[in-house]
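In the working numbering, the protein residues as written are 100 to 465.
Structure representation (structure tokens):
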């Protein structure tokens, strides 16, 4: 099997890739974390430019890499294989240096059900194991037959105790049906699972004092919970340096907009309300898109409509902000478009992790 050299610009990093590997797989194996998210050609996060050399581009979604972009030399490294030595233009996130994905077993220590269709899974790693990750990243659960399911880590990197995941039941889902007792063998407490991670380029940027908007849809609250708790633990909302010890910069204001169809879907609503009571620079805005009569009692404490519209009503000028968004692709892309076009948000300050569905992935491979 031939092996090729890959040189990255502008970081001047190098690694080797076998002809049957994708560029992203080889980079991750070499401990180089290139930007990535879905790893299936559906989201476009791993896009970069081929300056020199030949690649074979695998199946992908047209929305992730159009024919015009491909003609200009752009490629999706998650589904591109080398056919010669390569020189690639792609930025290596400095905050993810040293973060290496690993496979490891874990035991399910606890399963909680804060809502009928949401499970909070607590995983305990084997003795002596530790997962080094950044707030916002995810892991893959490795299933039988080579299938994977990706879930964001809801616990903060510095937290002691199990890793936490928020998982919504998708009827017919290979993993969630077993977790919710709809298929056999059922996943129960003390079950052993295998995970691989951390993965993804979605993470908290700690190197400035820009005000922060956290935009969540449904269980997209999970990685934003990790981000918020990291901000509080390090005192970034109080103007402390990233070591959490001495005053260093302007206190960062943080506002969380959490969108859901109905009140019951805000499955941990009491938690951000407590954050708002405990942290002077944190604000929480719950938003319901399909509020019914049963939600009338919450009308005073919940907005209605689309969650990203609530952000635009409150913050028509986002030019100085950073936005972290997580939820279904339609919500994330609508927010990206409207915030940058109508509210002046700089494109590079919109950080997103969209939940790519199985249908999206199937379309990407077709």
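Beta carbons are placed, not taken as given, at the ideal position from N, Cα and C, and that holds for glycine.
For residue 252 and residue 430, what's the separation of their Cα atoms in angstroms?
20 Å
Residue nearest to residue 267 in terms of C-alpha spacing, selected from 151, 213, 118:
The shortest Cα separation from residue 267 among 151, 213, 118 belongs to 213.
Whole angstroms is fine: what's the gap from residue 103's alpha carbon to residue 361's?
52 Å
Check residue 168 in the structure and name its three-state DSSP category.
helix
CB-CB length for residue 292 against residue 240, believed under 8 Å:
6 Å
The stretch 315-325 touching the stretch 268-286, judged by at least three CB pairs closer than 8 Å:
no
Let me confirm a value: residue 165 is counted as buried when at least 16 other C-beta atoms fall within 10 Å, else exposed. Which label applies?
exposed
Label residue 231 either buried or exposed according to how many other C-beta atoms from any shown protein chain fall within 10 Å of its C-beta, with 16 as the threshold for buried.
exposed
Could you name the residues that DSSP lists as bridge partners for residue 220?
210, 264, per the DSSP bridge assignment.
Where DSSP assigns a beta bridge to residue 382, which residues make up the other side?
354
What is the rounded straight-line gap between the Cα of residue 345 and the Cα of residue 305?
The predicted model places residue 345 with a pLDDT of 47, which falls under 50 and marks its position as unreliable; any figure quoted below should be read in that light. Computed Cα separation, rounded: 15 Å.
Consult DSSP for residue 425 and reduce its assignment to one of helix, strand or coil.
strand
Going by CA-CA distance only, name the one from 318, 161, 138 that's closest to residue 220.
318
Can you tell me the Cα-Cα spacing of residue 256 and residue 367, whole angstroms?
20 Å
Going by the beta-carbon positions, is the gap between residue 372 and residue 384 smaller than 9 Å?
no
Specify whether the stretch 160-177 and the stretch 129-140 touch according to this definition: at least 3 beta carbon pairs, one from each stretch, less than 8 Å apart.
yes
Consult DSSP for residue 193 and reduce its assignment to one of helix, strand or coil.
helix
Compute the Euclidean distance between the alpha carbons of residue 113 and residue 419, then round it to the nearest angstrom.
35 Å
Can you look up residue 450 in the DSSP assignment and give me helix, strand or coil?
In this structure, residue 450 counts as strand in the three-state DSSP scheme.
Taking the beta carbon of residue 328 as the centre, do at least 16 other beta carbons fall within 10 Å, making it buried, or is it exposed?
buried
Just the C-alpha distance for residue 153 and residue 190, rounded to the nearest angstrom, thanks.
Approximately 20 Å between the Cα atoms of the pair.
In terms of alpha-carbon separation, which member of 432, 203, 149 lies closest to residue 168?
149
Among 120, 108, 144, the one whose alpha carbon lies nearest that of residue 449
144
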